[in-house]
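Q: This note's numbering numbers the first residue of the sequence shown as 18 and each following residue consecutively.
Okay, here's the structure, questions in a sec.
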Amino acid sequence: MSRSKLEEIKEGSRYLHGTISEEIAAGGDTFEKSTTQLLKFHGTYQEDDRDLRKEMKEKGLGRYYIFMVRTAIPGGALTPEQYLTEDELGTEFGNNSIRITSRQGFQLHSVRKDNLKECIRRINESGRSTCGACGDVVRNIMATPLPYKSPVYDDVQALAQELRQNFVAKSTAYHEIWMNGEKVEESVPSEEVEPIYGKVYLPRKFKMGIMVPPRNDIDILTHDLGFIPHFPNGEVEGYTLYVGGGVGMTHGKDDTYPTLS
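Structure follows, in structure tokens:
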């Protein structure tokens, strides 16, 4: 079976480095097409402003390119200061808005390329990250968002954070590019750089979630991997796992369809 173009891009990216840093330094409004595939792993998508297409075309100009920046928020929990950081960035670099996603993340829209690095850096300085919010990896870990103070909810939130730490990409590319991190030796074996994902990461995104009965507020059966805790005496004694759910499909391919686990 032949490799897809995307698989080749991922394998040749040196663990998500690609030429992102060089293209940021070169300026301009856009990244190369192959680079836009890698940017997804870093939590950002290159788009164009559809509302301006007609106007730009009438003026004989090309498209007006912008970026969406998505923050992963494991368990849907963040501090007031982290929220205010997103609010400030939405005003300073975006279109004066924050979008809350159906998977407990934040999205900033209309960020320009020359502001992209500063935007992502400041999100990280607040204690949050865009790494793995998009791309062919384990995505943001969802959990029941109710802020009840109890051993069960504490355990569920702790599990969401633990899963995030275990499955976030281990490549140093993210911090080297966006946080000016120190470069490391690129000849390190793949099993040491990405012990879970390897050179090509996953074929598609992978979603996990944790619910607390009786509230199925994260639609647990739609996840690739769902966790449901057992707590007969008020403390978590274990989890039941549900596997194989998903809502994704590819238009025109009848063998792809939403399914419940």
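Beta carbons: idealized from backbone N, C-alpha and C, even for Gly.
#1: Would you kindly check if the distance between the Cβ of L78 and the Cβ of V154 is under 7 Å?
#2: For K27, count the other beta carbons within 10 Å of its own beta carbon; 16 or more makes it buried, fewer makes it exposed. Which is it?
#3: First and last residue of the alpha helix (DSSP H) that includes I245?
#4: Looking only at its chain, what residues have a beta carbon closer than 7 Å to the beta carbon of V185, apart from the 5 residues adjacent to it on each side?
#5: With a threshold of 16 other CB atoms inside 10 Å of the CB of G251, please say whether the residue is buried or exposed.
#6: Here's the rule: buried if 16 or more other CB atoms are within 10 angstroms of the residue's CB, otherwise exposed. What is Y32?
#7: From P91, M266, R80, pick the residue whose C-alpha is nearest to that of Q182; which is it?
#8: Is it true that the stretch 135-148 meets the stretch 164-180, where meeting means three or more beta-carbon pairs spaced less than 8 Å apart?
#9: Please list, in chain order, all residues of the same chain as S204 whose beta carbon is under 6 Å from its beta carbon, the five residues on each side excluded.
#10: Sort I115, A94, M85 by Cα distance to N132 and report the nearest one.
#11: Give me, in chain order, the residues of the same chain whose beta-carbon lies closer than 7 Å to that of V201; leave out the 5 immediate sequence neighbours on both sides.
A: Let me spell this out:
#1: no
#2: It counts as buried.
#3: Looking at the DSSP string, I245 is not in any alpha helix (DSSP H); the run it does join, the beta strand (DSSP E), is 242-247.
#4: C148, G149
#5: exposed
#6: Buried.
#7: P91
#8: no
#9: Reliability fails at S204, whose pLDDT of 49 lies under 50, so the model's placement of it is uncertain and the value that follows must be treated cautiously. If we look at S204 and ignore the five residues flanking it on each side, it has no Cβ neighbours.
#10: M85
#11: Any reading at V201 is ruled out, since the residue's pLDDT is 49, under 50, leaving its predicted position unreliable.
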